[in-house]
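Written below as structure tokens is the structure these notes are about.
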Amino acid sequence: MDWGHERDINHHLDDHFTIPDRQHLAPEDKETMVNLSPALKERFQRMQLVYHIRLLHRFDHILLGGFHIEEAIYGPLYYYPGRVASEIRQYEEEMPKNAILVHLTASAEVIQRRMETDPHEYSLIKKEDIPMLLDRFQARI
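End of the sequence shown = 299 in this note's numbering, gap-free, step of one.
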């Protein structure tokens, strides 16, 4: 975002692909999201992805943090265990041709430190899961 602002580029930013998302929800709505059934969480996440694919076609400058790759990792582990995040990579075919997919990484130590110093209100991952999650993200690229 800072890079864009320095060049007079205002990105549309969405980084709310975890349940509950950290933006725009009242506390009672966050609780409702956390307590949805696995089937409803999977459906909600799928609709989130489709909606944001549409936004990729509407904005000249858009940043989506996590997005579909994150869903492929977190969904079957935390939101709807035992199910598969169906056809996740197909969303890339629906992205604009000039879309750029960037895989950002951090070490297990950095992730753990961030979890300790700036914890999320609804922490999704567990410290002991970090190495496994890093492996899964690496396997998805």
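All C-beta atoms, glycine included, are put in the ideal place defined by N, C-alpha and C.
- Contact between the region 222 to 241 and the region 171 to 180 is present: three or more C-beta pairs spanning the two stretches fall below 8 Å.
- Runs of the alpha helix (DSSP H) spanning 4 or more residues and lying entirely within the region 235 to 299 occur at 248 to 251, 266 to 275, 288 to 298, in chain order.
- Among the bridge pairs identified by DSSP, Leu171 is matched with Leu221.
- If you look at His210, you'll find it in the alpha helix (DSSP H) that goes 196 to 216.
- In the DSSP assignment, His163 falls within the alpha helix (DSSP H) that extends over 160 to 164.
- Going by beta carbons, Glu200 and Tyr237 fall inside the 8 Å limit.
- Sequence-distant partners of Ala266 (beyond 5 residues in either direction) whose C-beta falls short of 7 Å from its own C-beta, in its chain, are Ile288, Pro289, Leu292.
- Setting aside the 5 residues that flank it on each side, Met159 is surrounded in the same chain by His169, Leu171, Leu221, each with a C-beta closer than 8 Å to its C-beta; the list follows chain order.
- For the pair Pro234 and Met253, the Cα-to-Cα distance works out to about 23 Å.
- In the same chain as Gln181, and ignoring 5 residues on each side of it, the C-beta atoms closer than 7 Å to its own belong to His174, in chain order.
- When secondary structure is reduced to three states using DSSP, His182 falls in the coil class, being assigned neither helix nor strand.
- A Cβ-Cβ contact shorter than 8 Å links Ile231 with Arg294.
- In the three-state scheme derived from DSSP, where H, G and I count as helix and E and B as strand, Ile231 is classed as helix.
- Each residue's CA atom was taken as its position, placing Ile246 and Leu282 some 20 Å apart.
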